[in-house]
Amino acid sequence: PIPTEFGFDYQLGEVLDSLTVDIGVQSGSGDVFIPRSSIVTGTPGTEVNLDESWSFVLEDYAIEHQGQGVIDLVASYDYVEGIGIDDPFEYPEFTQISNYIDDFLVNYPNETDFWEILNKNLVTELLTEPIPTEFGFDYQLGEVLD
1 PIPTEFGFDY QLGEVLDSLT VDIGVQSGSG DVFIPRSSIV TGTPGTEVNL
51 DESWSFVLED YAIEHQGQGV IDLVASYDYV EGIGIDDPFE YPEFTQISNY
101 IDDFLVNYPN ETDFWEILNK NLVTELLTEP IPTEFGFDYQ LGEVLD
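Numbering of the sequence shown is given in UniProt numbering, commencing with residue 1 and proceeding in unit increments.
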C-alpha cells in the first residue's frame, strides 16, 4: 500500500495491469561513456511477474561500411525469467558485449553487405558465439536472453 495525504492507501495492484520503470543511466556515469537503460515491467497478481530488459547505445559510432559512415547502434535485450534471483552475477556486464560489437564491426568482412545483412549477422553472432570477457570466462547470451 502507498499512503496518501487524503487518508487512504493506494493499492496499485488493484488498478494497474502493469507498471514499468525505466532507469536511464547517462553517458559518463561510473566513468562509462555509454548511455544505458534498465527496464523492468511488473504485472501484479498473487506474485508479481517481472519482465526485465537492458539496452545501451553506441552513439556517433564511426564505421567503414558502404563507405564512411556514422551510426547510432542500440542494443536491447530481454532477460530470461528469474535471472539474478539466486546470483546477481548472472547479468552480463554490458561493456563486454559492447567490446564484442565493436570488434565485430571493425572486422566485418564484407563492406558492401546491406545494413540489414550486417545487422542480422551481428545479432546471430551475439546469440550463438561465445563472447570473451576480461573476467576469464565467456558469456553465452543465448542462455540468459529471452
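C-beta atoms are modelled at their ideal positions from N, C-alpha and C, and glycine is treated no differently. The model shown is predicted, which means the values in this text are computed figures rather than measured ones.
Annotation for V32: T95 place their beta carbon closer than 7 Å to its own, counting only its chain and skipping 5 residues before and after. Straight-line spacing of the CA atoms in I63 and E125 works out to 19 Å.
Within the same chain, Cβ atoms closer than 7 Å to the Cβ of F104 are found at L122, E125, the five residues on either side in sequence being excluded. By the 16-neighbour rule on beta-carbons within 10 angstroms, F56 is buried.
Cβ-Cβ separation between V144 and Y79: approximately 6 Å, consistent with a contact (criterion under 8 Å).
Assignment of beta strand (DSSP E) within the segment 3-78, counting only whole runs of 3 or more residues, yields 19-25, 36-43, 49-64, 68-78 in chain order. Counting the other CB atoms within 10 Å of its CB gives L127 a total below 16, which places it among the exposed residues. Under DSSP, Y139 takes part in a beta bridge, and its partners are I131. Counting the other Cβ atoms within 10 Å of the Cβ of L19 gives fewer than 16, which makes it exposed.
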